[in-house]
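Chemist: Sharing a structure below in C-alpha cells format, with a few things to ask.
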Amino acid sequence: MAASIKDVAREAGVSIATVSRVLNDVDVVNEETKKRVLSAIKKLGYRPNIVARSLKTQKTRTIGIIVPDISNQFYPEIVRGAEDVANIYDYNIMLCNTDLNIEKEMEYLKVLKEKMSDGVLYMSNSLEPKILELIKQLQLPMVLVETTSKEDDIPSVTIDNEKAAYDGITYLIKKGNRNIAYIGAGEDTVNASAMRYKGYRRALQENNLELNKDRVYFSSPKAKDGYKGINEILNKTKIDSIFCTSDEIAIGAINALRDKGIKVPEDIDVMGFNNIYLSSIFYPKLTTVAQPIYDMGSVGMRMLIKLINKQELEERNYVLLHELIERDSCKK
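Residues 1 to 332, numbered by full-length UniProt numbering, are exactly what the sequence shown covers, in order.
Below you can see the structure in the form of C-alpha cells.
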C-alpha cells in the first residue's frame, strides 16, 4: 500500500499540518524539522495527491508549452531547455503541438486554462488579434519565446531578428552577391520571421541594391517551401544567392538547385537561419544565422516560473545574442 501523509507525519514525529507546510514550501518550518520530513518522504516513497493538493493551493505545478510544429528541429531544442529548468523547480510539462493552426492554438489555450495549468510558455506561429484577445481573457501567466507582441505587453525572450537577417544579408553582399533571393515569412505575418524580411530590405537599401519582388517568395518554414520557392524564383529571374529564414527552407532550396544541376556554393550561395542540428550534417553544411535555441527555452522557463510565483522580473523582454556560423553553403 502506498504511504500516506499520515505515515510521513508519524515517521518524522510531526503533525500532518507540518508535513503539508513542507510540501507547499511554507517558510514557517525550521530547517531541522524540514530535513526530518523530507527524509521520511524519501524513506517511505511518499507521493502527494496532486489533485487534492491543487484544489487546495490552486496550483497544479504544471506548465503548458505551445509549439507551432514539433517536427521542426528548432522547437524540440527550445522545449529541452525549458523542461530542464522546469524539472529543477519541480514543475511538470504539458506539450501542445498546434500544426501551425490558429484555431488549435486557441483551443489549447482554453484547455490549459481548464486544466489549471500554472502558466504557459508560448511559441506562436502568428500572434493575431484574436489570439491576443483570448490571452487577455484567460489571464494565464505567460512568456513568449522566439517572438514578441506588438505592444510588448507580454514578457518574451527572443533575438533581434531584424538585425540578425541584416547581418546575414550583409555577409552575402560582402561575398560579392548582388542578386539575393529571399524565402520565408512575409511582412504581414505577426511573428519573429517577419522581422527578418525587414532586415533583408534594410540591408539591400543600405547597399544600394534593388528590391526585386521576383526574387522574394513568402512561405512557411518547411523544406518543401524552400524547394517550391526557389523553383518559382528561378522561373522569373536570375540570382546569385539565397537568404532563407529557416534551415529547413535552405535545405529544401539546395535540394531543388541540385535537381536542376546548380551547384552550391559554386553557382549560388545559400544561407539558412536557426542553426538546427541538421544544418551541421547536411551536405553542403549550412552557413546559417544561429539562435541560442536551448537558452531561449531555459531563460523563458525561468521567467515564467518567476511570474507564477509573483516574483519581479529583472527584464520583461530578453533579447539574446545571435551568431553567424560559416560553413560550406557559401563561397569562402
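Quick reminder that beta carbons are idealized off the backbone N, C-alpha and C, glycines included. Just so you know, these numbers come straight off a predicted model, no measurement behind them.
Would you kindly check if the distance between the Cβ of ILE230 and the Cβ of LEU209 is under 8 Å?
Modeler: No, they are not a contact pair.
Chemist: If you draw a straight line from the C-alpha of LYS104 to the C-alpha of THR98, how long is it?
Modeler: About 5 Å.
Chemist: On the CB-based measure, 16 or more other CB atoms within 10 Å of its CB, does VAL28 come out buried or exposed?
Modeler: When all chains shown are included, VAL28 counts as exposed.
Chemist: In chain order, which continuous runs of the alpha helix (DSSP H) of length 4 or greater are located wholly inside the region 140-206?
Modeler: Here the runs fully enclosed are 161-174 and 192-206.
Chemist: Please name the residue, chosen from LEU320, ASN87 and ILE78, that lies closest to ILE293 on a Cα-to-Cα basis.
Modeler: Of LEU320, ASN87 and ILE78, the residue nearest in Cα terms is ILE78.
Chemist: Should ILE281 go down as buried or exposed, given a rule of 16 or more other Cβ atoms within 10 Å for buried?
Modeler: Counting Cβ neighbours within 10 Å, ILE281 comes out exposed, since fewer than 16 surround it.
Chemist: Taking only three categories from DSSP, how would you classify MET116?
Modeler: In the structure shown, MET116 sits in coil (DSSP, three-state: anything other than H, G, I, E or B).
Chemist: On the three-state DSSP scale, how would you describe GLY13?
Modeler: Coil at GLY13, not helix or strand.
Chemist: Beta-carbon within less than 7 Å of LYS34's beta-carbon, same chain only, minus the 5 sequence neighbours each way: which residues are those?
Modeler: Here the set comprises VAL22.
Chemist: How about THR288 and ASN309: are their beta carbons less than 8 Å apart?
Modeler: Not a contact, by the Cβ cut-off of 8 Å.
Chemist: Under 6 Å Cβ to Cβ from ARG47, same chain only, skipping five residues before and after it: list those, please.
Modeler: The answer is none, since no qualifying residue turns up.
Chemist: What is the rounded straight-line gap between the Cα of LEU55 and the Cα of TYR89?
Modeler: Model confidence at LEU55 stands at a pLDDT of 45, short of 50, so the residue's coordinates are unreliable and nothing is read from them.
Chemist: DSSP on ASN72, reduced to helix/strand/coil?
Modeler: It is coil, neither helix nor strand.
Chemist: Given a cut-off of 8 Å on the beta-carbon distance, is the pair ASN161 and GLY199 in contact?
Modeler: Closer than 8 Å, so yes.
Chemist: Drop a sphere of 10 angstroms on the beta-carbon of ASN24, count the other beta-carbons inside from all chains shown, and report buried for 16 or more, exposed for fewer.
Modeler: Answer is exposed; the Cβ neighbour count stays below 16.
Chemist: Starting from TYR283, trace the beta strand (DSSP E) in both directions and tell me its first and last residue.
Modeler: Premise fails: TYR283 is in no beta strand (DSSP E) and is neither H nor E.
Chemist: Would you kindly work out how many angstroms separate the C-alpha atoms of ARG215 and LYS236, rounded to a whole number?
Modeler: Taking the straight line joining both Cα atoms gives about 8 Å.
Chemist: If you follow the alpha helix (DSSP H) that LEU211 is in, where does it begin and where does it stop?
Modeler: Looking at the DSSP string, LEU211 is not in any alpha helix (DSSP H), and its letter there is neither H nor E.
Chemist: For MET123, which three-state DSSP category applies?
Modeler: It is coil, neither helix nor strand.
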